[in-house]
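If you're matching them up, the sequences are chains A and B in order. Numbering-wise, our numbering comes out as the position in the first sequence, counting from 1, plus 901. Numbering-wise, our numbering comes out as the position in the second sequence, counting from 1, plus 144. Just below is one structure, and these are the notes that go with it.
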Amino acid sequence: MLRLPPFRYHRPDTVDEAVALLARFGEDAMPIAGGTDLMPNMKHRLFTPAHVVSLNRIAAMRGIGTVNGAGPSTDNGRAPRADGLFLRIGALETLSDVSSHPLVRRHCAGLAEAAGLVAGPQLRNMGTIGGNVCLDTRCTYYNQTEFWRDALGYCLKKDGTVCHVTRVGKKCVAAHSADTPPNLIALDATLTLAGPDGTREIPAADFFVTDGIWNTRRKGDEILTEIRIPLMGPHSNGHGPHRRSAYRKLRQRNSIDFPLLSVAVVGDFEQDGTVAGLTGVVSALGARPRVLAGWDEIALGERLGPRVIEALAERARAQCRPLDNVIVDTKWRRAMVPVQVRRALEELAGG
Amino acid sequence: MEVVRLRVNGDERVCGVPAHYTLLETLRYGLGLTGSKQGCDKGDCGACTVIVDGRAILSCITPVWEAEGREVRTVEGLANGTETHPVQDEFDLNGAAQCGFCTPGILCSSVALLDRNPSPTREEIRTALAGNLCRCTGYEKIYDAVEAAAARLDP
Ligand SMILES: Cc1cc2nc3c(=O)[nH]c(=O)nc-3n(C[C@H](O)[C@H](O)[C@H](O)COP(=O)(O)OP(=O)(O)OC[C@H]3O[C@@H](n4cnc5c(N)ncnc54)[C@H](O)[C@@H]3O)c2cc1C
Ligand code: SF4
Ligand code: FES
Ligand code: FES
């Protein structure tokens, strides 16, 4: 039996009320959506907020649909790809609904796949995409009961002074372990955050930082309200390059586990099959998803054939060094990087 | 203590619980519905699975307040009066339960599946039950039972 620590449960109806509650109680308050991450973490005494603010009654944070609008340019150095049409996903949409939604499946196959591979079916019925984006980092020495952590003497991320992974360093390297964000980054998505000073938009690519203790730029009193993904591809009159995406996830038990390694790829293809743009994001290694560097020089203007895919996979391997933050051999995880990248790219090429 | 109002297996139930109770704790210790099991108590095993508004969820990590105003169905509510649900019958006939600890959760996941998809493939059954761990029966007989129940419900 794992008891929750005592708390008061607030159920505001609007974003403004929720933000006001979070601002008022400060460090003593946390938002909850599906609760599938926060509840286990509270049972482990990793968080003990005196006030829990439920977002589940806020209708404005639901819905999946296309919207028009001049979103901020999130071109990552490339030409802005948006033609003003976005897929909007409310932060409260469950992973089940995201993975099965026809618009998501049509325009963002990799994202739909990733949402459908999170945990098991009950957790996907409860867990939201907003909670997935804001998921706490994970580590063998952290996601444990209070008793377990006490026996070890705690660690930097919570209640202690040492990191059992790096042993030296004063930095927590707990792993970003959520499945949807690598896809959102590769898709140039924008996140909308509401806080006491109003709302702001931040590219998914800039949302994560390398600090395992708090690995996002979200402030404690900010709420992620929606996600916008710029759309392009065959839906825009069949002209211009069209976009495809794919996702691969390595885990111990394919039925329910967190990723040990995840790979999201998004490619824009010309009519003749050559690559007009290609982004790869690898995660579940460190605190921040990694956008793979050096892919453009290999792939642009080429077809995604075996030789190009092999070169891209090798470039990925050279950039990824798994740490001892999950209970699986780091050499094996590293050896799996080119394998998973190759499989993701093969899917992209074949699709 | 605070007052929570729930609709469980078609009945309106009112009960006093601490504000930090889960739905599972409320069902078991507030309402005496001990069919839903407390296994890992942290979202890993599926023993606490119940059906809320038609979907299988884990009651051990659901704050009880989130179940207010919604339709909760537990293993106690699957039978129609004294007539067992076809899934329950087929679990019996196929030997799909040994110690039985996982069974209430698996029954709920199965019924939630069949209510949405009356003729699932074997693969769809496997996927729907992926969040329910069974340590003794093994899964084949469980899939057989769900398949047989589907055949009875949607011949
Ligand atoms: C057994 C098990 C296996 C799992 N496997 C996976 C897996 O394979 N992949 C994976 O990605 N996840 C996995 N999870 C974690 C979790 O189920 C999902 O990540 C889920 O999407 C979290 O969403 P939630 O709505 O339940 O989040 P919550 O638990 O409600 O919240 C998570 C965190 O985000 C904050 N938060 C939630 N919503 C918002 C918002 N809108 N704005 C600001 N802050 C917010 C909360 O304060 C909390 O800190 C697993 C969990 C369990 C128990
Ligand atoms: S990486 Fe180090 S500091 Fe961070 S949770 Fe793991 S053991 Fe703790
Ligand atoms: S008791 Fe709820 S998942 Fe194990
Ligand atoms: S019958 Fe014993 S755990 Fe499933």
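Backbone N, C-alpha and C define an ideal beta-carbon position, used for all residues, glycine too. This structure is a prediction, so every number in the text was calculated from the model and none was measured.
Give a yes or no on whether the C-beta atoms belonging to residue i and residue j are separated by under 8 Å.
| i | j | result |
| --- | --- | --- |
| B/V200 | B/L167 | Note that residue 200 of chain B is Ala in the sequence shown, not Val. For B/A200 and B/L167, no; Cβs fall outside 8 Å. |
| A/L1151 | A/P1142 | no |
| A/I965 | A/G991 | yes |
| B/L273 | B/I250 | yes |
| B/Y287 | B/R260 | no |
| B/V231 | B/V255 | yes |
| A/A951 | A/R925 | no |
| A/T1117 | A/C1035 | yes |
| A/L1125 | A/A1105 | no |
| A/G970 | A/F987 | yes |
| A/P1082 | A/P1190 | yes |
| A/P913 | A/V953 | no |
| A/R1218 | A/G1195 | no |
| A/L1024 | B/G187 | yes |
| B/A294 | B/P264 | yes |
| A/L1004 | A/M962 | no |
| A/V1182 | A/L1193 | yes |
| A/N1226 | A/V1063 | no |
| A/C1073 | A/I1114 | yes |
| A/A1200 | A/L1224 | no |
| A/P1022 | B/T271 | yes |
| B/L237 | B/P262 | no |
| B/C192 | B/L202 | yes |
Distance check for residue j and residue i, CA to CA, integer angstroms please.
| i | j | result |
| --- | --- | --- |
| A/S1078 | B/N224 | 43 Å |
| A/N1044 | A/N942 | 7 Å |
| B/I269 | A/G1028 | 21 Å |
| B/F245 | B/G179 | 9 Å |
| A/D1158 | A/L905 | 23 Å |
| B/G174 | A/I1103 | 45 Å |
| A/T1111 | A/A1075 | 9 Å |
| A/R1007 | A/A1013 | 9 Å |
| A/L996 | A/R1204 | 33 Å |
| A/E1198 | A/A1090 | 23 Å |
| A/K1120 | A/R1068 | 29 Å |
| A/L1085 | A/A1095 | 19 Å |
| B/R157 | A/G1061 | 44 Å |
| B/A163 | A/Y1042 | 30 Å |
| B/T206 | A/T915 | 21 Å |
| A/N1155 | B/G275 | 10 Å |
| B/S253 | A/P1207 | 42 Å |
| A/N1033 | A/P1239 | 26 Å |
| A/I959 | A/A1212 | 47 Å |
| A/R982 | B/F235 | The predicted position of A/R982 is uncertain, since its pLDDT is 43 and thus under 50; no value can be drawn from it. |
| B/V208 | B/Y165 | 6 Å |
| B/L150 | B/A241 | 30 Å |
| A/T1269 | A/M1237 | The structure shown does not extend to residue 1269 of chain A, since chain A spans only 902 to 1252, so no value can be given for it. |
| A/A1263 | A/C1040 | Limits of chain A in this structure are 902 at one end and 1252 at the other, which puts residue 1263 of chain A out of reach. |
| B/R279 | A/L1057 | 36 Å |
| A/M1133 | A/I1228 | 40 Å |
| A/V968 | A/A1052 | 52 Å |
| B/G190 | A/N1026 | 13 Å |
| A/P932 | A/S1000 | 24 Å |
| B/A289 | B/C204 | 26 Å |
Pop quiz: residue i and residue j are said to be a contact at Cβ under 8 Å. What is the actual Cβ separation, rounded to whole angstroms?
| i | j | result |
| --- | --- | --- |
| A/L1088 | A/V1167 | 6 Å |
| B/V196 | B/V219 | Contact doesn't hold; Cβ gap of about 14 Å is too wide. |
| A/D938 | A/D1037 | 6 Å |
| B/G160 | B/V152 | B/G160 to B/V152, Cβ: 15 Å. No contact. |
| A/A1214 | A/Y1148 | The pair is not a contact, with the Cβ atoms about 16 Å apart (cut-off 8 Å). |
| A/Q1241 | A/L1162 | 6 Å |
| A/I1030 | A/A1020 | The pair is not a contact, with the Cβ atoms about 13 Å apart (cut-off 8 Å). |
| A/L956 | A/A919 | 6 Å |
| B/D185 | A/K1059 | About 20 Å separates the two Cβ atoms, so there is no contact after all. |
| B/Q182 | A/M940 | Not really, about 14 Å apart at Cβ, beyond 8 Å. |
| A/R1145 | A/L1018 | In fact, because the Cβ distance is near 18 Å, the residues do not count as touching under 8 Å. |
| A/E1127 | A/R989 | 6 Å |
| A/D1122 | A/L923 | 4 Å |
Residues of the stretch 1024-1040 of chain A with a CB closer than 9 Å to any CB of chain B: list them in chain order, please.
-> L1024, R1025, N1026, M1027
Residues proximal to ligand 1 by C-beta, any heavy atom closer than 5 Å | A/M931, A/P932, A/I933, A/A934, A/G935, A/G936, A/T937, A/D938, A/L939, A/A992, A/V1019, A/A1020, A/L1024, A/G1028, A/T1029, A/G1031, A/G1032, A/N1033, A/C1035, A/L1036, A/A1079, A/D1080, A/I1124, A/L1125, A/F1159, B/G187, B/D188
Using a beta-carbon distance cut-off of less than 9 Å, what residues from the stretch 147-171 of chain B approach chain A?
-> P162, A163, H164, Y165, T166, E169
Distance cut 6 Å, beta-carbon to ligand 2 heavy atom: residue list by chain order = A/C1040, A/Y1042, A/Y1043, A/C1056, A/L1057, A/K1058, A/C1064, A/H1065, A/V1066, A/C1073, A/V1074, A/A1075, A/G1113, A/N1226
Residues of the stretch 244-269 of chain B with Cβ closer than 8 Å to any Cβ of chain A, in chain order = S253
Can you list, in chain order, the residues of the stretch 206-223 of chain B whose Cβ is nearer than 7 Å to any Cβ on chain A?
-> Legend: CB atoms of the stretch 206-223 of chain B lying less than 7 Å from CB atoms of chain A belong to residues T206, P207, W209, E210.
Could you list the residues in the stretch 933-952 of chain A with a C-beta less than 8 Å from some C-beta on chain B, going in chain order?
-> I933, G936, T937, M940, P941, K944, H945
Mind listing which residues of the stretch 904-924 of chain A have their C-beta closer than 9 Å to chain B's C-betas, in chain order?
-> For the stretch 904-924 of chain A, which is checked against every Cβ of chain B, the residues closer than 9 Å are R904, L905, P906, P907, F908, R909, Y910, R912.
For the stretch 1156-1168 of chain A, which residues have a CB atom closer than 9 Å to at least one CB atom of chain B, in sequence order?
-> S1156, I1157
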